[in-house]
Structures are given as C-alpha cells and as structure tokens.
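Participant: Here's a structure for you.
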Amino acid sequence: LIVDRRLITKYPLNIIKLKNTLSSLNHPNFGWLLIVDEQDAMRDFLIGIVTQLMRTPFRRIETLDDAITFLYQHDETLSRV
Numbered sequence: 074l075i076v077d078r079r080l081i082t083k084y085p086l087n088i089i090k091l092k093n094t095l096s097s098l099n100h101p102n103f104g105w106l107l108i109v110d111e112q113d114a115m116r117d118f119l120i121g122i123v124t125q126l127m128r129t130p131f132r133r134i135e136t137l138d139d140a141i142t143f144l145y146q147h148d149e150t151l152s153r154v
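In my numbering, each number is its position in the sequence shown, counted from 1, plus 73.
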C-alpha cells in the first residue's frame, strides 16, 4: 500500500474508524506500507510504533517513483506494467 501523505489534508479523529482502517494492515496478504512524505522524526516514530504493533512492514519514502521502485524490488509477485 502506498500512501501519499502529502495529499492528506485532514486526519481521522474518530478512534473507531481509525481502528477499522488500521485493521486491514493485519491481513495475512498485506505487504508493505509505504508512506510518501518528507522526513519528520516524530511522525516516523509514531507510525513505526503502530506498524510494529500491527506487525506491518513500513517504510517512509520521499517520492512516489521511489516507492514504486521499492515495491518492485521487494515484492516479486508484482509484474512491471
């Protein structure tokens, strides 16, 4: 899953909705969570905690092109389009 955080204008405040959204990160077929964003140590730390609790591989990447390249390098089930 690639999330371009640069496009997010507001964050969910409803804890139940947030929990339901995050539960998909626990699916056995879920691969990587890649967040396209500039570096922010506090945000990286918080996301790191959540993804560790959910046992989800996570990486923050600075560009969408780098995120796509990363997925192709780390997931052999993807075919190049």
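Just so it is clear, CB atoms sit at the ideal spot from N, CA and C, and this is done for glycine as well.
Taking 8 Å as the cut-off, does the region 100-111 touch the region 121-131 (at least 3 CB pairs, one atom from each stretch)?
Facilitator: Because the criterion of three Cβ pairs below 8 Å is met, the region 121-131 and the region 100-111 touch.
Participant: Mind reading off the beta-carbon distance from residue 151 to residue 145? Whole number of angstroms is fine, and I expect it under 8 Å.
Facilitator: 6 Å between Cβ atoms; contact.
Participant: Give the DSSP bridge partners of residue 132, in chain order.
Facilitator: BP columns for residue 132 point to 107.
Participant: Between residue 143 and the rest of its own chain, which residues show a CB-CB distance below 8 Å, the 5 nearest in sequence each way excluded?
Facilitator: Here the set comprises 105, 107, 132 and 134.
Participant: Does DSSP put residue 138 in a helix, in a strand, or in coil?
Facilitator: Note: residue 138 maps to helix in three-state DSSP.
Participant: How would you label residue 122, buried or exposed, when you count the other beta carbons within 10 angstroms and need 16 or more for buried?
Facilitator: Exposed, by the Cβ-count rule.
Participant: Following the continuous alpha helix (DSSP H) through residue 75, name the residue where it begins and the one where it ends.
Facilitator: First-last for residue 75: 75-77, but that is the beta strand (DSSP E), not the alpha helix (DSSP H).
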